[in-house]
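Throughout, this note's numbering is defined as the position within the sequence shown, counted from one, plus 530.
A short worksheet on the structure shown next.
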Amino acid sequence: MPKSALVTGATGQDGSFLMEFLLKQGYEVWGLVRRLSVPNLGNIQHLVDRVSLLDADLIDQSSLNAAVRQAGPDEIYNLAAQSFVGTSFVQPVLTGEITGLGVVRLLEAARAYAPGARVYQASSSEMFGKVDREPQDESTPFHPRSPYGVAKVYAFWACVNYREAHGMFVSNGILFNHESERRGLEFLTRKVSHGVARIHLGLAKTINLGNLDAKRDWGYAPEYVDLMWRMLQLKEPDDIIGATGESHSVREFVEAAFRVAGISDWEKHVTIDEKNFRPSEVYNLRGDAGKAKRRVGWEAKTRFKDLARIMVEADIKSLEAARKSS
Ligand code: NAP
Ligand code: G4F
């Protein structure tokens, strides 16, 4: 019998890469999607004939119960979230409902209908927030700086508690930023790669940004779904960081992206607007992924400059294709 996996957040960046990965491993894959007025299957259009999609929402307990019961999965990957930090300041209650309490709803559904399933929770380096050391590892204290980070900390400890109280196999992957050509357009790297591609093709003149001094540990998303899977193959559940170990500023990413398009005077194409700044910022994230290497043999491979190149080239290609077909 092939193993089966239920992936929440199936339409998102990570959900799409993870479902591809699990199909290659021979899994029966169930993807959880929420009802929207206009379907949002862009990232998984190429997979819809090979996975089973279930309608459910992290806000709605009965839909989660039904989805878990129907799939009867060996593994559950909880990737669904209100995942944009900026929006969490504007919609803190909704973010808490989905990104925090939604995880408990899913754990309850698993406890009732698939108690033997192994659960992966998409925890985040955003939990470290205002850091007191660099690099951050699994022993670094949490000091979240956004409603999103606060919700992820709640979810992290809920997972630890279900492990300790109910003996369930629940693991937190504490992942640092990972990006790709499938990233939502509001996130910094994709906003920049898409903006640079538009400027390169003469479709725009500028990109409007915020804090250029914040630093992030940016990796390439397809590599990080391999870590998620490896974590659920361990004998015991554990909490493990995924990161590249390198940190770069937003300014460096912007420079690198413009360089891919052959534009050196990038400052002329960037405007700064107060609306893109956060009320409280996470200034510096750099992860130590030593435990991931020791425990599951995982290491990030794609380096910072290659990430910028992959993303800008992909956006140029897709904008050119759209222009030709219109
Ligand atoms: P993403 O592209 O924003 O995907 C989020 C997914 O969650 C989407 O499929 C979205 O569905 C779904 N979702 C949102 N609200 C929902 C609800 N109420 N019920 C059910 N589904 C809902 O995020 P990602 O980058 O793939 O990240 C995956 C997970 O890892 C998230 O939990 C994120 O917080 C976490 N994480 C990400 C990073 C990173 O750098 N990417 C780092 C650390 C942790 P729609 O398509 O319908 O909106
Ligand atoms: O791309 P971002 O919006 O990602 P952020 O806030 O680091 O969060 C992402 O990574 C987390 C892991 O650490 C995930 F948990 C979370 O779900 C998400 O995937 O912003 C990156 C940095 C920030 O410091 C932000 O202030 O870029 C800075 N920035 C500067 N100008 C901007 C902009 N960010 C965005 N989105 N848009 C700007 O115009």
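From the three backbone atoms N, C-alpha and C, an ideal C-beta is built for every residue, glycine too.
Could you tell me whether the Cβ atoms of residue i and residue j are closer together than 8 Å?
i: Leu588; j: Ala540; result: no
i: Leu594; j: Arg648; result: no
i: Leu536; j: Val581; result: no
i: Arg728; j: Leu849; result: yes
i: Phe547; j: Ala751; result: yes
i: Arg781; j: Asp836; result: no
i: Leu929; j: Tyr650; result: Shown here, the chain extends from 531 to 856; a query on residue 929 therefore has no answer.
i: Gly679; j: Glu656; result: yes
i: Val790; j: Ala851; result: no
i: Phe788; j: Val726; result: yes
i: Asp768; j: Arg825; result: yes
i: Ala610; j: Leu562; result: yes
i: Asn741; j: Glu811; result: yes
i: Pro677; j: Gly626; result: yes
i: Phe619; j: Arg808; result: yes
i: Thr719; j: Phe783; result: yes
By the 10 Å Cβ neighbour count, where 16 or more other Cβ atoms means buried, how is residue i classified, buried or exposed?
i: Thr538; result: buried
i: Thr801; result: exposed
i: Lys682; result: buried
i: Trp687; result: exposed
i: Met549; result: buried
i: Asp579; result: exposed
i: Thr736; result: exposed
i: Asp845; result: buried
i: His484; result: Since the displayed the chain opens at 531 and closes at 856, residue 484 lies outside it and no answer follows.
i: Glu605; result: buried
i: Asn702; result: buried
i: Gly659; result: buried
i: Ser653; result: buried
i: Val623; result: exposed
i: Gly714; result: exposed
i: Pro645; result: exposed
i: Arg746; result: buried
i: Gln575; result: exposed
i: Gly792; result: exposed
i: Met531; result: exposed
i: Leu739; result: buried
Is residue i near ligand 2, going by C-beta to nearest heavy atom under 7 Å?
i: Leu718; result: yes
i: Leu739; result: yes
i: Glu804; result: no
i: Val780; result: yes
i: Ser613; result: yes
i: Asn707; result: yes
i: Ala744; result: yes
i: Arg663; result: no
i: Gly808; result: Before going further, note that residue 808 is Arg rather than Gly in the sequence given. Flag set: Cβ of Arg808 near ligand 2.
i: Val812; result: yes
i: Lys835; result: no
i: Leu815; result: yes
i: Lys500; result: The shown model of the chain, from 531 to 856, leaves out residue 500, and the question about it has no answer.
So does residue i have its beta carbon nearer than 7 Å to some heavy atom of ligand 1?
i: Thr617; result: no
i: His696; result: no
i: Ser655; result: yes
i: His730; result: no
i: Ile770; result: no
i: Leu584; result: no
i: Arg564; result: yes
i: Asn702; result: no
i: Gln555; result: no
i: Ile628; result: yes
i: Gln600; result: no
i: Asn595; result: no
i: Asn691; result: no
i: Thr801; result: no
i: Asp747; result: no
i: Asp544; result: yes
i: Thr541; result: yes
i: Thr736; result: no
Looking at ligand 3, does it come within less than 7 Å of residue i, judged from the CB to the closest heavy atom?
i: Glu668; result: Here the bound small molecules are ligand 1 and ligand 2; ligand 3 is not part of this structure.
- Task: Taking 8 Å as the threshold, find out whether the stretch 567-574 comes into contact with the stretch 761-778 through three or more Cβ pairs.
- Result: Segments in contact, no.
- Counting pairs of Cβ atoms below 8 Å between the stretch 538-557 and the stretch 709-726, do you hit three or more? Yes, the stretch 538-557 touches the stretch 709-726.
- Message: If contact is defined by three or more beta carbon pairs under 8 Å, each pair taking one atom from either stretch, is the stretch 664-682 in contact with the stretch 807-823?
- Response: Counting Cβ pairs under 8 Å, three or more are found: they touch.
- Message: Count Cβ pairs between the stretch 780-798 and the stretch 666-677 that sit closer than 8 Å; are there 3 or more?
- Response: Contact between the stretch 780-798 and the stretch 666-677 is absent, because fewer than three Cβ pairs lie under 8 Å.
- Tell me the start and end of each unbroken alpha helix (DSSP H) in the stretch 607-686 that is at least 4 residues and wholly inside, in chain order. With a minimum length of 4 residues, the continuous alpha helix (DSSP H) runs that stay inside the stretch 607-686 are 615-620, 622-625, 632-643.
- Query: Which parts of the stretch 775-847 are runs of the alpha helix (DSSP H), unbroken and 4 residues or longer, counting only runs that do not cross its ends?
  - Reply: Every alpha helix (DSSP H) of 4 residues or more that sits fully in the stretch 775-847 is shown, in chain order, as 780-790, 820-826.
- Message: Runs of 3 residues minimum, wholly inside the stretch 704-755: which ones carry the beta strand (DSSP E) assignment?
- Response: Taken in chain order, the complete beta strand (DSSP E) segments of 3 or more residues contained in the stretch 704-755 are 737-739.
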